[in-house]
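Asker: Here this note's numbering = 1-based position in the sequence shown + 63.
Where a beta carbon is used, it is the ideal one built from N, C-alpha and C, also for glycine.
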Amino acid sequence: MKQDFTSNSIAQARGKSTRTQIRARVRSARRSINESEQQGFAASSAQLMLAEIIKLEAKHVALYLTNDGELDTRVLIDALWKLDVQIYLPRLHPFCKGNLVFLAYMPSTLLVQNSLNIWEPKLDITQMILPHRLDVVVTPLVAFDLSGNRMGMGGGFYDRTLANWSLTGKPYPIGFAHDCQQVESLPCEHWDVPLPMLVTPTQVLTFDSTS
Numbered sequence: 064m065k066q067d068f069t070s071n072s073i074a075q076a077r078g079k080s081t082r083t084q085i086r087a088r089v090r091s092a093r094r095s096i097n098e099s100e101q102q103g104f105a106a107s108s109a110q111l112m113l114a115e116i117i118k119l120e121a122k123h124v125a126l127y128l129t130n131d132g133e134l135d136t137r138v139l140i141d142a143l144w145k146l147d148v149q150i151y152l153p154r155l156h157p158f159c160k161g162n163l164v165f166l167a168y169m170p171s172t173l174l175v176q177n178s179l180n181i182w183e184p185k186l187d188i189t190q191m192i193l194p195h196r197l198d199v200v201v202t203p204l205v206a207f208d209l210s211g212n213r214m215g216m217g218g219g220f221y222d223r224t225l226a227n228w229s230l231t232g233k234p235y236p237i238g239f240a241h242d243c244q245q246v247e248s249l250p251c252e253h254w255d256v257p258l259p260m261l262v263t264p265t266q267v268l269t270f271d272s273t274s
């Protein structure tokens, strides 16, 4: 029993180290993208993502505000507003640690900075939507592989939000990332939710999320 415990501990430590190394490497790569490239990538990825959202006939779409070198969402948000698609942003749940709530986002929405230094809507329960009422959740991520595995920042916020999506079909998750965020393979845990689709500035990838 002691030997098994030790082996498991070593495996967990190695897995944690690998995930930490991947996060550090990929975050450094996306931060190195200059402003001109960022603008070009934002425009091309927005065009691809917009086409997928239109195909899905989505009217309630959750997005995020760009942070730490992430693929810029501003072009996509502006395009969706013009199509009268209602945008929602995540904010940290005020009572349930590790969870998100989603609030309507409009040009007039008041934003505040949370404990993670990320901008989010000021809490207003009249603007809140339950996750299963969302059509699409465009998810940020740190890294992805060609099996549809997604690595976030480690807080598990989106894994909790999307835990049951494959049973109900909503909200449909689509990853949004730079091409440089692709890695050969990701170490996964049982709670990690794979993506059915991912959009980069150059491609739309689809995966068998049931495998």
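May I ask you to report which of helix, strand or coil DSSP gives residue 175?
Answerer: strand
Asker: Please name the residue, chosen from 206, 236 and 239, that lies closest to residue 250 on a Cα-to-Cα basis.
Answerer: 206
Asker: Determine the direct distance from the alpha carbon of residue 168 to that of residue 73, and round the result to whole angstroms.
Answerer: In this predicted model, residue 73 has a pLDDT of only 34, less than 50, meaning its place in the structure is not dependable enough to derive any value.
Asker: From the DSSP secondary-structure annotation, give me the bridge partner or partners of residue 114.
Answerer: DSSP, once it has assigned bridges, lists no residue as partnering residue 114.
Asker: Just checking my contact of residue 122 with residue 101 at CB under 8 Å: how many whole Å lie between their CB atoms?
Answerer: Wrong, their Cβ atoms sit about 29 Å apart, outside the cutoff.
Asker: Spell out a yes or no on whether the region 138-158 and the region 108-121 are touching, meaning 3 or more CB-CB pairs, one atom from each, closer than 8 Å.
Answerer: Segments in contact, yes.
Asker: Can you give me the C-alpha to C-alpha distance between residue 229 and residue 197, rounded to a whole angstrom?
Answerer: 14 Å
Asker: DSSP puts residue 127 in a beta bridge; with which residues?
Answerer: BP columns for residue 127 are empty, so no partner.
Asker: Output the residue ranges of the beta strand (DSSP E) runs that lie fully inside the region 130-156 and measure 3 residues or longer, sorted by chain position.
Answerer: 149-155
Asker: Taking 7 Å as the cut-off, is the beta-carbon of residue 128 closer than that to any non-hydrogen atom of the ligand MN?
Answerer: Ligands displayed in this structure: none; no statement on the ligand MN is therefore possible.
Asker: Using 10 angstroms around the beta-carbon of residue 175, count the other beta-carbons present and answer buried if the total reaches 16, otherwise exposed.
Answerer: exposed
Asker: My output table needs one value for residue 82: the three-state DSSP class, helix, strand or coil.
Answerer: helix
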